[in-house]
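The sequence shown maps to residues 1 to 326 in UniProt numbering.
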Amino acid sequence: MSDVPASPAARLAIVIVTYNRSTYLADLLRSATALTVPPWRIVVVDNASTDDTPDVVAEAAGWFPEGVLVDRRLDTNTGGSGGFCEGTRTALELGAEWVWLMDDDVEILPEALERFAPAMERFRVIHGRRYDFDGSPFYWQAKFNQFLGVPLPYGFRRTFDDEGYAITNSGTFEGMLIHADVVRTIGLPDPRFFITWDDAAYAWLAAQHTEVVYMDAFVLQRKREQQQVNLGVRHLNDGSPLFRFHVMRNRAYVGRYFAEHGQLHRVGFALGTLLTFAKEVFRLVVVQHTLHGVGDLVRGARASRRIWRDRTWRPMDPAEVPPPPS
């Protein structure tokens, strides 16, 4: 990989994926206007929204210098995974050297890019910290247990080193900052996930080639309120039927990527899958006070078996990533 440029933010593209949340999107784009270091590009991937999102994007284009905001509206809803795949592709086609991936329901803190700058001189995949919607620090479960194939929680106070970094092998698209050279090594985000596990698996792939870190500096604030239970070591939010289906189905995609790199422990991964199922049932009972939704998990597990049996499955091909600009 080439060296990180001396002025890393000079060609940094923020990639936002949105679907039918125009109010959140408007607030996010408005927060980007207050950045003390302006972004080079902002790519908004609209997953075929049916609300007034196109109008919001058109209006927001006038808040930035001409050409900064790039509107990429898709014909169908490809999920977060498909949106981040297309957004990353678009950013690299434009010539981005860094891509900052985020959902539409966050706001950017004004000094975010300044806070990233020291880490960008040393690392190529970086996460900053987030505040939750109530202003409290948002907890990240941050590291894959390789045997079980699940991210297990750890506390930041015990994790950041003296320089304020924590090495991990997992991540989130609610704030992952990734260098274009890493994307060209591992491929674009895999759109087949649709939602959930996509970001954790993508950061895991990156960690096979470079250090993936969290930095002890806040850069985002979550804005969408959710039903939530604080368990101390982590928070559990509510989940949708779509989430429950994919959280089980996409275990197969995670496992296939592990197998491609010779790091799949089949017995441990099967145990991790059972623990994932149990955690989601626990989430239903404790957060949403119901067992309606267990059927979504069962359907996802059945779909997962079909992916395991698919002999045509291949990982994302790095050759499909746009090359560096000449």
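Where a beta carbon is used, it is the ideal one built from N, C-alpha and C, also for glycine.
Contacts around residue i, its chain only, beta-carbon distance under 7 Å, and the 5 residues preceding and following it disregarded
| i | result |
| --- | --- |
| residue 316 | 187, 188, 190 |
| residue 19 | 47, 49, 77 |
| residue 90 | 43, 70, 72 |
| residue 56 | 22, 25, 26 |
Bounding residues of the beta strand (DSSP E) (the contiguous stretch that carries residue i)
| i | result |
| --- | --- |
| residue 173 | Segment: none, residue 173 is in no beta strand (DSSP E) and carries neither H nor E. |
| residue 130 | 125 to 131 |
| residue 222 | 212 to 222 |
Residue environment, residue i, which counts as buried when at least 16 other CB atoms sit within 10 Å
| i | result |
| --- | --- |
| residue 328 | As displayed, the chain neither begins before 1 nor continues past 326, which places residue 328 out of reach and without an answer. |
| residue 101 | buried |
| residue 285 | exposed |
| residue 13 | buried |
| residue 273 | buried |
| residue 310 | exposed |
| residue 6 | Only weak support is given to the placement of residue 6: the predicted model assigns it a pLDDT of 45, under 50, and the question is left unresolved by the model. |
| residue 308 | exposed |
| residue 121 | exposed |
Selection from the options that minimises the alpha carbon distance to residue i
| i | options | result |
| --- | --- | --- |
| residue 117 | 243, 11, 249 | 11 |
| residue 224 | 103, 247, 93, 89 | 103 |
| residue 61 | 25, 37, 82 | 25 |
| residue 279 | 266, 147, 119, 294 | 294 |
8 Å Cβ shell around residue i - same chain, five flanking residues per side excluded
| i | result |
| --- | --- |
| residue 277 | 248, 297, 301 |
| residue 36 | 110, 111, 113, 114 |
| residue 322 | 89, 92, 93 |
| residue 364 | Since the first and last residues shown for the chain are 1 and 326, residue 364 lies out of range. |
| residue 260 | 315 |
Residue i - containing alpha helix (DSSP H), residue span
| i | result |
| --- | --- |
| residue 254 | 251 to 260 |
| residue 306 | 294 to 309 |
| residue 90 | 79 to 94 |
| residue 120 | 112 to 120 |
Own chain partners of residue i with C-beta closer than 6 Å, once the 5 adjacent residues on each side are dropped
| i | result |
| --- | --- |
| residue 178 | 99, 125 |
| residue 132 | 138, 222 |
| residue 156 | Caution applies to residue 156, whose pLDDT of 47 falls short of 50 and renders its modelled position unreliable; the value that the coordinates give is listed next. Here the set comprises nothing. |
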